[in-house]
Every structure is written in structure tokens, then in C-alpha cells.
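Sequential numbering of the sequence shown, starting at 1069, is according to our numbering.
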Amino acid sequence: MSREQTVQAEPLEAKSPFELRVNRGPVVPELTVKSALETGDVGFLHSFTTGSTVDGPGVRLVGWTAGCQWRCLYCHNPDTWNITNGTPVTLERAVEELGKYRHGLRAMSGGFTLSGGEPLIQGRFAVRLFAAARQMGIHTALDTNGYLGEALTDAELETIDLVLLDIKGWDRERHRRLTGRDVIQTLDFALRLAERKRPVWLRYVLVPGLTDDEEEIANVARFAASLGNVERVEVLPFHQMGRFKWDSLRLNYTLAGVEPPTGEAAERAVDLFRAEGLKAF
Ligand code: SF4
1069 MSREQTVQAE
1079 PLEAKSPFEL
1089 RVNRGPVVPE
1099 LTVKSALETG
1109 DVGFLHSFTT
1119 GSTVDGPGVR
1129 LVGWTAGCQW
1139 RCLYCHNPDT
1149 WNITNGTPVT
1159 LERAVEELGK
1169 YRHGLRAMSG
1179 GFTLSGGEPL
1189 IQGRFAVRLF
1199 AAARQMGIHT
1209 ALDTNGYLGE
1219 ALTDAELETI
1229 DLVLLDIKGW
1239 DRERHRRLTG
1249 RDVIQTLDFA
1259 LRLAERKRPV
1269 WLRYVLVPGL
1279 TDDEEEIANV
1289 ARFAASLGNV
1299 ERVEVLPFHQ
1309 MGRFKWDSLR
1319 LNYTLAGVEP
1329 PTGEAAERAV
1339 DLFRAEGLKA
1349 F
């Protein structure tokens, strides 16, 4: 199958990341996926949304990529785990789409954010799209777990105006139980971003019984404060909006009985970050 054949998917239209979306495009052969990942000529998008005010500064266009190597127990988008659940989109097409929004995004002091899934699974596509966005004068942000950050060159890091870095925990064992992966790569990426003075907004998902241990939060806060480039911390309260996706995909959801954190618990977590001198919300 040629590349052209693989990317004649449904038209690109804005969709909510909270919609369950699986098998959106034509069946893409493994070899084509491999070559897309190597070149970045084609990306796999779960959806994209316009008008977001919570994924970076100003009003944002957000591309939600498919593919993630982590398995966070609280993931609200498990339909993004598999890359081929995404719609294949050529880089040219994605750039063209971005171009349509450039004046509006600039006028609203916003920009373009790539989220997921984990966008760096499609690192080549991501950096080429960011470079194109920058050429159009669009502010760029990457929402990432940082695990694959080392694959980006220093020059590529410069095409990303802001990294929304998800730090999901501190204790290695706890992090592994929560995400299936080690936290070290994330922390190393955070250190590298600090060394290169790249702006970071840190995100921490607060889940009762899993990530609300005060010492755990204080450790993340101390680390974040030591970096010197964390402009803002966002404590994101756990919610159950993704539960139906786990059920629909017949995945074993273990947090069915977990309530969202109370307002006081969220405020306590925010205070732990503020106690280290960070701007936290
Ligand atoms: S890193 Fe994000 S997309 Fe991946 S499993 Fe965790 S929450 Fe889900």
C-alpha cells in the first residue's frame, strides 16, 4: 500500500479527546507505520480540538496523538494507547490545517499544543510539525511524560516554546506500579530542560490513595523547585471521565471505586508546591 493510500482517511474535523475513538483510519500495514515513525511524513492523530484554554498559555489548538507506551492506572484516554487507533494524517496536511488557525491563535495569545497519548512516540512528526508552526509564528507546546525526551536533539528542543511535563510520582516503585514504567527518564528529561533553560509547566495528577501522599508530593515539589525553569505547576484532580473507555475497550479498570479528590485535598497538594516557592494552581 502506498503512503497516499494510507492517508486517505476521514476528513480532519475537531473532536473532543473525551470521545472514544478506535480504528479511525484504514488498516495501516506495520511497515508503513514504521516508516512513518522514522520519517515523520505521516502522523497518527486521535483527534484535535480548538479553543482550549487549559493546554498552555492563551487559546490553543491541540493535536491529540495516538500511541503511548505507558499504562497509567488513571489514564482517561486508553483509546490513544495504540498508534493505529489514530487517523493517519500527512505532515503537509497537518501543516496546512495549522496554517488556517495561525492568525486567530496569534490574536488570542495562544498557540499549538501536541498532547496525547504520548506525542514523542511520533517524535519525528512532532518536531517537524513544531518547526513548521514556529515558522508561521505560532507558539508551540508539548505535553509529554518525558520518557522519550532524550531522542530530541538540542536544536529540536529549541522549536518547543513550552514543555508541559507530566511528573506522575517520585518513588520509583510507586511510579512503576502507577504507570508501568520507571520515572528516571522523566526526571532526566526535566534536568536536561533545566540545563537548557527551556520553560516548563509541570503537571501532577492527584489521585486519592495513589498520588496524594504528602511526602511524595513534597519530593516532586522540591525537585521541581530545584530546576529553576518551572514557571507553573498544575495539580490536576483525578476524575472518572475516562472510565467508559476502559469499559468499552474491555480493559481492567482498577479505580472504579476511587472518588475525585476533595477541594481541600487539592488545595493541600497545591500548598506543598507553593511551599517550595513555585507558582501552583
Ligand atoms: S502517559 Fe498519558 S496517555 Fe499514556 S497511559 Fe499515562 S495518562 Fe495515558
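Positions of the beta carbon are idealized from the N, C-alpha and C atoms, including for glycine.
Distance cut-off 7 Å: T1148 Cβ against heavy atoms of ligand 1: Along the sequence shown, read from residue 1 onward, the residue named residue 1148 stands at position 80. Within the cutoff, so yes.
* To do: Tell me whether E1072 is buried or exposed, calling it buried when 16 or more other Cβ atoms sit within 10 Å of its Cβ.
  => The residue labelled residue 1072 in the question sits at position 4 within the sequence shown. Here the model assigns E1072 a pLDDT of 40, short of 50, so the residue's position is not dependable, and the following value carries that caveat. Burial check for E1072: the Cβ neighbour count within 10 Å stays below 16, so the residue is exposed.
Beta-carbon contacts of F1341 that lie in its chain and below 6 Å, excluding the five residues immediately before and after
Against the sequence shown, residue 1341 aligns to sequence position 273. Taken in chain order, the residues that qualify are A1289, V1301 and A1348.
Quick check on N1145: buried or exposed, where buried means 16 or more other Cβ atoms within 10 Å of its Cβ?
Position 77 of the sequence shown holds residue 1145. The residue is buried, with at least 16 neighbouring Cβ atoms inside 10 Å.
- Item | Helix, strand or coil at F1116 [DSSP, three-state] | For the purposes of this step, residue 1116 is taken as the residue at position 48 of the sequence shown. Secondary structure of F1116 (DSSP, three-state): strand.
Which first and last residues belong to the alpha helix (DSSP H) in which A1334 is found? Here the question's residue 1334 lines up with position 266 in the sequence shown. Note, A1334: alpha helix (DSSP H), G1331 to R1342.
- request: In the DSSP assignment, find the unbroken beta strand (DSSP E) run with L1274 in it and report its ends.
  value: The residue you call residue 1274 lines up with position 206 of the sequence shown. Note, L1274: beta strand (DSSP E), V1268 to L1274.
Q) DSSP three-state call for V1075: helix, strand or coil? A) As a first step, residue 1075 must be located in the sequence shown, where it is residue number 7. Its pLDDT being 46, under 50, V1075 is placed unreliably by the model, and nothing is read from it.
Taking buried to mean at least 16 other C-beta atoms within 10 Å of its own C-beta, is P1097 buried or exposed? Numbered from 1 along the sequence shown, position 29 holds the residue referred to as residue 1097. The residue in question, P1097, is exposed, as its Cβ has fewer than 16 Cβ neighbours within 10 Å.
Query raised in the report: How many angstroms separate the CA atom of H1114 from the CA atom of T1212?
Result: Taking the sequence shown and counting its residues from 1, the one referred to as residue 1114 is at position 46. Taking the sequence shown and counting its residues from 1, the one referred to as residue 1212 is at position 144. Taking the straight line joining both Cα atoms gives about 15 Å.
- request: Tell me whether T1100 counts as near ligand 1, meaning its Cβ is closer than 7 Å to at least one heavy atom of that ligand.
  value: Your numbering for residue 1100 matches position 32 in the sequence shown. No, the beta carbon of T1100 sits no closer than 7 Å to any heavy atom of ligand 1.
Helix, strand or coil, according to DSSP, for E1299 in the structure here? For the purposes of this step, residue 1299 is identified with residue 231 of the sequence shown, where counting begins at 1. In the displayed model, E1299 falls within a strand according to three-state DSSP.
- Query: Are the CB atoms of G1248 and R1139 nearer to each other than 8 Å?
  - Reply: Counting from 1 along the sequence shown, the entry for residue 1248 is found at position 180. Counting from 1 along the sequence shown, the entry for residue 1139 is found at position 71. The answer is yes: Cβ separation under 8 Å.
Euclidean distance between Cα positions of S1103 and T1155
For this step, residue 1103 is matched to residue 35 along the sequence shown. For this step, residue 1155 is matched to residue 87 along the sequence shown. Per the coordinates, the alpha-carbon of S1103 lies some 16 Å from the alpha-carbon of T1155.
With distance defined between alpha-carbon atoms, name the residue in L1274, V1275, D1281 and S1294 nearest to L1255. Translated into positions along the sequence shown, residue 1255 becomes position 187. Comparing Cα-Cα distances from L1255 to each of L1274, V1275, D1281 and S1294, the minimum goes to S1294.
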